[in-house]
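In the working numbering, the protein residues as written are 154 to 828. A virtual CB, placed ideally from N, CA and C, is assigned to each residue, including glycine.
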DNA sequence: TTAGGGTTAG
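This is the structure in structure tokens:
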């Protein structure tokens, strides 16, 4: 009766769902109900099982002992043939044996790995029935199983009922919480273990606690654990080195991470992955690509994770050369059909300025899931190809793939970047029909779309009707639109909202200042500048990069540091002369400061993208496409000038700004002047 | 002699 009481205290999920067929009472009095659960499955697999090594071996023995079965189960478990482990378990029961302490951990592991929740619950019930409640080794397996099934509260109950907990019990429940998205609870358990138990953490426990600190982004506490690692003399433990490298890399301390990485003479794949992804995630894309190349040169075979990190890095660099290189690498590897890798490549090509190549990769994927479709829709959106994005969306629906919230973000931002107001409204209200509840990002997209198209009042009303508090992206979109449409009053209101959320971000002050400047309100411009100084807001310095022969060269505004600076200057002058000759009028409002007209003009043609463009023109043969990446949004003057320059110098110029792509050709831009 | 962890997340 004790075990039945225990079953009801645990309220096992299996019994919650199947209380009619397999109630605890039924289980208690039925000798081997497992055979009924797996019987159809067993029939299905029977042919395969007869061919297997396991069954051949068992067949040779007329009446196998439990130890023979256990040996077979361990061998199968080692080969990761988990379905067969469960089938042999059924045979054990059919032969009238009872599983022992050597059988059950393997069965639990198989249930966890498959995963087989119902089977696992039944096994747990049998564990209790057979009186293994106090067997730490077995109960640890139960904790892990429930954690992996997301049944963390059941796992915790098992942990609570365990009379003798060892370091594995503590680590299992701690990592269970961390893996289920509760890192704070995991850390709480670690603290309890340290304070209330005599257990000394081993290297796996420390890896688990470090992972939880990585998840919460607490570098200081992570450093304290590093101290513990040293205290316990575990600093040479390779697995801890991997997690510590990951901790420092993910928390932005890439140099410390690299020092740890360099300590290892022959790093295993997972350490390369930790370092490459650490670089890629922290904006050190060049280093990530370089390290990836080094790894390949050292004949370490990358896996899907390595490739995804390297592809992400290439996407950030924006270099089409690097993108093509990695695509070729993937095409020649055994991961060429990996859907995750291919989706990353679609995203990369879209971000590196070739929506055509992105589409080529997309068309070659035979089984497209929702993320593949969404990546391509997002790619069209980046280029302002709204109609193509919409058409692909309909193709996706026809292919019976259900859109998710990310698909809708891609679709709405495509409408936004193409100025398709009617479509944007329509798809926003269609979302719920597909069971997708609009999130803040969807609202921000629609506000941006409406406001930029000049529907400022509608956008403002829409914001007022939002079911959640509008964040900076929403007010920022309204502020930007007020700048475009010269709306001083509404712009002032939007700016106040934005300043309240991000008082440190100088970009917002510049927007308001530009609204005032356009209206000739120079006193207000001065007031904003004072406010900006008082609040210590700083503006990110603008820079542009251009890729020449696969090498990236970056320039700041007014940059004269390049060895070929004189030639670059001569080219910017020549461009300016050509622009003037063809009647180009500089857009003076693009200058924040209250300067004289001549100074304003000079300031405008010194913008970083103009310098990068000039460098591209002097370094490449006529007709070569120029590919420029900049960290800020394109300014109005640069945009108009680049359109004309593309015609004057007969070049295609592709500029990736902070938000999207601009493809300039023959005096026009693909964005249709809508950005 | 069978448990626990670490790289990613398109």
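- A residue is called buried once 16 or more other Cβ atoms fall within 10 Å of its Cβ, and residue 622, having fewer, is exposed.
- For residue 706, the three-state secondary structure derived from DSSP is strand.
- Residue pairing for residue 658: DSSP places it in a beta bridge opposite 691.
- Looking at the backbone, the Cα of residue 794 and that of residue 612 are separated by about 30 Å.
- In this structure residue 472 is buried. Its beta-carbon is surrounded by 16 or more other beta-carbon atoms within 10 angstroms.
- With a cutoff of 8 Å on beta-carbon distance, residue 670 and residue 641 are scored as not near each other.
- Within 10 angstroms of the beta-carbon of residue 694 lie fewer than 16 other beta-carbons, which makes it exposed.
- According to DSSP, residue pairing for residue 700 in a beta bridge involves 705.
- Restricted to the segment 329-414, the alpha helix (DSSP H) segments that are unbroken, complete and at least 4 residues in length are 336-349, 356-369, 372-384, 391-403, listed in chain order.
- Secondary structure of residue 737 (DSSP, three-state): coil.
- A Cβ-Cβ distance of about 7 Å is found for the pair residue 290 and residue 254, placing them in contact under the 8 Å criterion.
- For residue 782, the enclosing beta strand (DSSP E) begins and ends at 779-783.
- A distance below 8 Å separates the beta carbons of residue 495 and residue 518.
- When the five nearest sequence neighbours on each side are left out, the beta carbons in the same chain lying within less than 7 Å of the beta carbon of residue 229 are those of 207, 237, 238, 241, in order along the chain.
- A contact is defined here as three or more CB-CB pairs under 8 Å, and the segment 764-771 meets this definition with respect to the segment 712-719.
- 8 Å or more divides the Cβ of residue 458 from the Cβ of residue 501.
- Annotation: the segment 217-275 contains the following complete segments of the alpha helix (DSSP H) (minimum length 4 residues), in chain order: 219-231, 235-247, 257-266.
- Pairing residue 344 with residue 428, the inter-Cα distance amounts to about 29 Å.
- In the DSSP assignment, residue 595 falls within the alpha helix (DSSP H) that extends over 593-605.
- The C-beta distance from residue 407 to residue 355 rounds to 29 Å, too long to fall under 8 Å, and the pair is not in contact.
- Boundaries of the beta strand (DSSP E) harbouring residue 817: 814-818, taken from the DSSP string.
- The beta carbon of residue 417 sits closer than 8 Å to the beta carbons of 391, 394, 424 from its chain, once the five residues preceding and following it are set aside; these are given in chain order.
- Secondary structure at residue 461: helix, using DSSP grouped into helix, strand and coil.
- Bounds of the alpha helix (DSSP H) holding residue 763 are 761-772.
- Look at residue 581 here: in three-state DSSP terms it is helix.
- Excluding its 5 nearest sequence neighbours in each direction, residue 504 has C-beta neighbours in its own chain below 6 Å: 468, listed in chain order.
- Distance from residue 604 to residue 634 at the Cβ level is roughly 3 Å; contact confirmed, criterion being Cβ atoms closer than 8 Å.
- Contact between residue 270 and residue 302 holds, since their C-beta atoms are separated by about 5 Å, short of 8 Å.
- The three-state secondary structure of residue 301, taken from DSSP, is helix.
- The segment 778-787 makes no contact with the segment 724-743, as fewer than three CB pairs between them are under 8 Å.
- Contact between residue 421 and residue 432 is ruled out by a C-beta separation of about 18 Å, above the 8 Å threshold.
- Annotated three-state conformation of residue 821 is strand, per DSSP.
- The beta carbons of residue 288 and residue 324 sit about 17 Å from each other, so the pair does not count as a contact at 8 Å.
- Annotated as distal: residue 314 and residue 280, with beta-carbon spacing of 8 Å or more.
- Of all alpha-carbon atoms in 509, 362, 555, the one lying nearest the alpha-carbon of residue 527 is that of 555.
- Counting only the Cα atoms, residue 377 lies some 18 Å from residue 338.
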